[in-house]
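Please read the structure below before turning to the comments.
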Amino acid sequence: MNSYTHDWASKQQAGTSAPARRVRFSLAAFMCATVLAAGTGEASQTGRLDVLKQLSLEDLINVEVSIANKSPRRLTDVAAAVFVITNEDLVRSGATSIPEALRMVPGLQVGRIDNRNWAVGIRGFNGRFSNKLLVQIDGRSIYTPQFSGVYWDGQDVVLQDVDRIEVIRGPGATLWGANAVNGIINIITRDASETVGSLLAADAGDNRARRVVYRHGAKLANGGAYRAYVKYAHQDSPFEDGKPFDSDQDYLRRQAGFRADWGGDRGVTLQGDIYRSRINSYEFSYTLAPPYQRSEPGILPFDGENLLLRWNYGDGAVTGNTLQVYYDHHERDEISNGALDSDDDFFEETTFDLDWQQTRRYDNQQLVWGLGYRWIQTYADFARDGERSNHQFSAFVQDEWRLLDERLTLTAGAKLERNPYSGVEFQPSLRGHWRLNDDSSLWAAVSRAVRAPTRLEQDISVVPTLLPPFSSSNPLPFPVFLSFEGDPAFDSESAESMEMGFRTVIHDAVSLDLAAFYTEYEDLRTVELRDPIINISGQNPFVDVPSSPENRLAAQSHGVEVAADWQIAHWWRLRSAYTYTRLDIEPDPTSTDVTRELPEGQVPEHQLSLRSSINFNGSWSLDAWLRYVDELPTISPTQASGAAVRIPSYTAMDVRLAWQASPEISLSLAARDLLGSHTEFESEFVGGEPIKLKSSYYAQLEWRF
Amino acid sequence: MKSVCSKTLRVALMTLMLGVAPAGAGAASAQFEQHEVVAVFLFNFSHFITWPDSRFEAPSSPFRYCVVESQTVADALAEVIEGESSGGHPLQLVPVSGPEDLNSCHVVFWSEADQERFLGADNTTNGLTALTVTDSEDLQCEGAMIALGSTGPRVRPIINVAAVIAAGLQINSKLMSIAQPCDG
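Residue numbers (numbering that gives the first Met the number 0), protein chains in the order written: chain A, 0 to 704; chain B, 0 to 183.
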C-alpha cells in the first residue's frame, strides 16, 4: 500500500564517514582488506556459475539478478532514506527474529531487553514500545492502537518466505499515515508462486532454544498458487543467570498461516495467520494491605489472528488500483497491570481496516491518491472505560513531476487523517530527487508527521509503583503509591523534518548511501504530577501521588546515516552501516515531569555495523557481523548536567557458517553475541536490573523438497 | 573508550583475515547477472525437458544449443555446460552463422532485442523443432516456447505449454511447478 515499495533494487547502497575516530577505523580496515584481497588474484566466473548450477529450480527462480538498467524505479531514485534487507541478507545474518535483522539498518536503534522483548526505534526515541514508527507485515499495521508500540514478541513470520524488509527513515506520514513519524518498517513476504514446494527448517541451540517450520506450497488449478505453514518456537532466556525475569521466563510460540496469490502483480492476494503463545513468568500486583506486593508464577498467554485480502486491478500501465481489507485481533495478559488488589491484566484489540489507492500515470507525472477507513475496538482491564471502539478516516494525494529529461523529480503530497482523540491532522511532504549522472544522485525532503494520542494516554489508570510503609524510600506508616491516570486533553505529538541524501556507485564495486536529517519535535509527552491524595481515615490508609500525560516537551534531533557496500571480490562482500544520532530535549520550565529515565533520551550517539559475507568452494559460506553500539545515556530533565550514563557501550559479533550439502539440504552453525556479555537496553516497562545478554549458539537444518 | 575502539579494530581485522583464508577457492558473489541465471536455466532445461530419441542421430550424439547473437549468454552457457551431458548426450554449444544452422539445434535462444528479426512475418519460428527460448519480459503464447523474463529482480520461466507439447517435447512436472503458463 505505498508507492515506494515497487521495484526497489535489492542491491543496497552504502558508505563511511563520521567522527574522525570511526573514519580512521574504517579506512584502516578497508585498506587492510584491499591489500589482502589483492593477493588473492582474480578468480574466473566459473565459481559463480557453479553456485547457480547447484541450485534447485525453486532456488533458481528466487535468485536475485542485478536490475540496474531494468527497473523503472530504482532504489537510487527514491527521495527518502531507505534501506532494504533482502531475503539473502536475512538468512545470512543468522537472525531468528525480525528485530535481530534490523540491527543492520543504519539509523535504527535495536536493543534486546530479554528473550522476547525488544526495543526498536528509528532516529532515537527508542523504547520497548517506541511509539513513533509504523511497522507493517504485508500491508497490515502491527503496532498496537492502544499505545502505538509494537509487541515484537507477538509478531512472527517464516523468515525463509520473507521477500524483503524495507525500512524508510524519517517521516513518511503522507503516504503511510499517522505514527510514521520517525520511520516505517515494511516486512514483505514472497508471492505464493515463488514458494512452491516444501520446506522443513529446524534449529536448536543453547538456552533450550528450538524452532521448527514446515511450509508447503503448490500451484492452484486456476493459475494461482498457495502456501501454508506451521511454526513452533521455544526459547529460554539468553541472559546471564541470577537476574530477575530470567530462568523461568521461557517463551513458547505456535503459529500457522497461509498465503494464496492469483494473477501476479495484477491479481488477488489472500493471507492469514493464527498464533498461540505462552510465557512462563510472574504476575505482579500491589496490595494496600501487607504484603503490599505479590508475585506469583503465572502463565501469560498472548494469542492473535489476522486475515487480509488485497486486490490489484487496472491496466497497470496508466492506472493501477489497490483495494485492501484486513482484520486483525489479538489479546494478551500482561505481567503486571499495576492495578491495586487485582490480578486483572487482560488486554484486547480488534482492527478492521479498508484501504483503496489509485495510481495514475501521465507523460511526466504520476498521481497517487487514496482513501482509508479503520475501525478499532479495544479493551484493557487497566483502562477506565474498559471497552472502546472508534472510527478513523484518512485521505491522501501525492503528485510526482519528472522534469529536465527525467533527471529531476519533484514530489508533493499531503495526508488528512481524522482520529477520535485529536481530530483532523494534516501531514504534508515535499521531496526532490536529482540524478547527477548514471551513478550518483542527490535528494532532499521536508515533511511533517504526527503521532496521534492513543487510547491509553486518554483513559489508562495504573499504579506503576507502590512504596511499602517504613521502607527506605517511604518513612511514613502507610503505603505511598504513584498512580498514572490518562488525560483526555492529551494532544498529538508532531515532528517537522528536513532531510538530505546522496547516493553513488564507484566502479560498480562500491556503493555509498548517505543521509542527514534535522527534526524538530513539539508537544512530546511528559508525565506531570497532580496534587497528592491523602486518605488516612479508612481501613487501609494510603497516600496517592497521581500523574498524567501532558504535551510539555520539545526536542531537536539531528544525525547522519551512512551505508557502504563493497564487493571486494566476486566471493567477498563487505557492508557497513554507521549511525550518528544526537537528541536535545527541552522540557517546559513549568513541567513537573519526574521521569528520571525518560525513554525519549535513550539513543546511542554512535553505532557501527560491519558485515563480511564470503562464499567459497561453491557450497560453503561464512558470514561475520560486528556491531558497536555507543553508551546509552539517560537524559534526565531534572538534572542540570543533562546526561547520566547508564548502559555502557558494547561490541558484539555474530558468526555463521553454512554448507549447501545438496540442492535440497543446507546446514548452518551460528554463534551470536560473541565478545562478552553485555546489556543492550533497559526497558521502561520491565522492572529490575538491566539484563545481561550472553553468547548463544545454534545449528540449523533446512530441507527443501 | 580507547580500549573498546582498539578491541573493535582488532576484531575487525580478525574478521577480515577470516575472509582471506579461503582465498583463491573461487566462489560466488551474492549478486548475479541476468545472463548468468538465463544460462543456468538453459542448462537445466536439458534435464527437465525430454526430447524424443528421434531428435538425436545416435544415443551418444551431442545435445546442441544455439544462441543467436547474445554473446554474454553464449559465454556463460559455454562455461555452464562444459563437460556436462544429459541422458548420455554431451551438451554442446554450436556456433550460429545463419538461420539454416538452427535446424539441428535442440535448444535455440535469442534475446528480446532480436525478437522481431528472428520471427517470421507470421510471428512464428517457421517450424523449428527445437525448444525456443527468449529473455523477453512477457510471453503472449506466441514466438518462443519459453520466456526467461524477469519479474522484478528475479528470472522466472514462462512456458507456452501447448507449443512445447506440439513440438513433441515433454516437460517434467518439477519444471512446471515453478514455471508460469503464458498469458492467453
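Just so you know, even glycine gets a beta-carbon here, dropped at the ideal spot from N, CA and C. Source: prediction; values computed, not measured.
When secondary structure is reduced to three states using DSSP, T143 of chain A falls in the coil class, being assigned neither helix nor strand. Residues of the same chain with a CB within less than 6 Å of the CB of R252 of chain A, apart from the 5 flanking positions on each side, are A232 and S276 in chain order.
Look at the beta carbons and you see the region 436-454 of chain A touching the region 494-502 of chain A: at least three pairs across the two are nearer than 8 Å.
Under the 8 Å criterion on CB atoms, F44 of chain B is classed as non-interfacial with respect to chain A. Nearest neighbour of D76 of chain A by Cα position, chosen from A:K230, A:A288 and A:D512, turns out to be A:D512. Cβ contact annotation for V509 of chain A (same chain, cutoff 6 Å, sequence separation greater than five): W565, in chain order. Residue state for Q53 of chain A is assigned as coil, using DSSP reduced to three classes. The contact set of I177 of chain B on chain A, defined by CB atoms closer than 7 Å, consists of L56, E57, I60 and V195 in chain order. Inclusion of S197 of chain A and R703 of chain A in the CB contact set at 8 Å is warranted, their separation being smaller than that value. Here D74 of chain B carries a helix assignment [DSSP, helix/strand/coil]. Contact with chain A is absent for E111 of chain B, since none of that chain's Cβ atoms lies less than 8 Å from the residue's Cβ.
For T95 of chain A, the three-state secondary structure derived from DSSP is coil.
Contact of R47 of chain A with chain B is assigned, a C-beta pair being separated by under 8 Å. Judged by beta-carbon spacing, Q659 of chain A lies beyond the 8 Å limit of D202 of chain A, meaning their Cβ atoms are not closer than that value.
Contacts with chain A at 8 Å (Cβ-Cβ) do not include A77 of chain B. Listed along the chain, the chain A residues whose CB falls inside 7 Å of the CB of P89 of chain B amount to none; the nearest CB is some 16 Å away.
Within the same chain, and ignoring the five residues on either side of W571 of chain A in sequence, the residues whose Cβ sits closer than 6 Å to its Cβ are I613. The contact set of F108 of chain B on chain A, defined by CB atoms closer than 8 Å, is empty, because the minimum CB distance reaches about 16 Å.
Annotation for H677 of chain A: no beta strand (DSSP E) segment contains it, and DSSP assigns it neither H nor E. Out of B:N171, B:H88, B:C65 and B:G148, the CA that lies nearest to the CA of E99 of chain B is found in B:C65. Sorting A:A80, A:S92, A:Q145 and A:P144 by C-alpha distance to the C-alpha of I121 of chain A places A:A80 at the top. Per DSSP, the beta-bridge partners of Y274 of chain A are A:Q254 and A:G303. Per DSSP, I164 of chain B is not a residue of any beta strand (DSSP E); the alpha helix (DSSP H) it occupies stretches across V160 to A165. Membership of F44 of chain B in the alpha helix (DSSP H) is indicated by the continuous run Q33 to F47.
Of all residues in the region 213-227 of chain A, only A217, K218 and G222 come within less than 8 Å of chain B when Cβ atoms are compared, listed by chain position. In this structure L481 of chain A is buried. Its beta-carbon is surrounded by 16 or more other beta-carbon atoms within 10 angstroms.
For L51 of chain A, the neighbours in chain B by C-beta distance under 7 Å run, in chain order, F31, E35, V36 and V39. Listed along the chain, the chain B residues whose CB falls inside 9 Å of the CB of S192 of chain A are R155, I177 and Q179. Annotation for D190 of chain A: D260 place their beta carbon closer than 6 Å to its own, counting only its chain and skipping 5 residues before and after. Residue-level contact check: L174 of chain B touches chain A, since one or more beta carbons of chain A fall below 8 Å from its beta carbon. The closest CA to that of F82 of chain A, considering only A:T188, A:W433, A:L415 and A:S575, is found on A:S575. Taking C-alpha positions only, L219 of chain A is separated from T321 of chain A by approximately 23 Å. Excluding residues up to 5 positions away in sequence, P545, S546 and S547 lie with their Cβ nearer than 7 Å to the Cβ of R529 of chain A in the same chain.
Residue pairing for D327 of chain A: DSSP places it in a beta bridge opposite A:N305 and A:T350.
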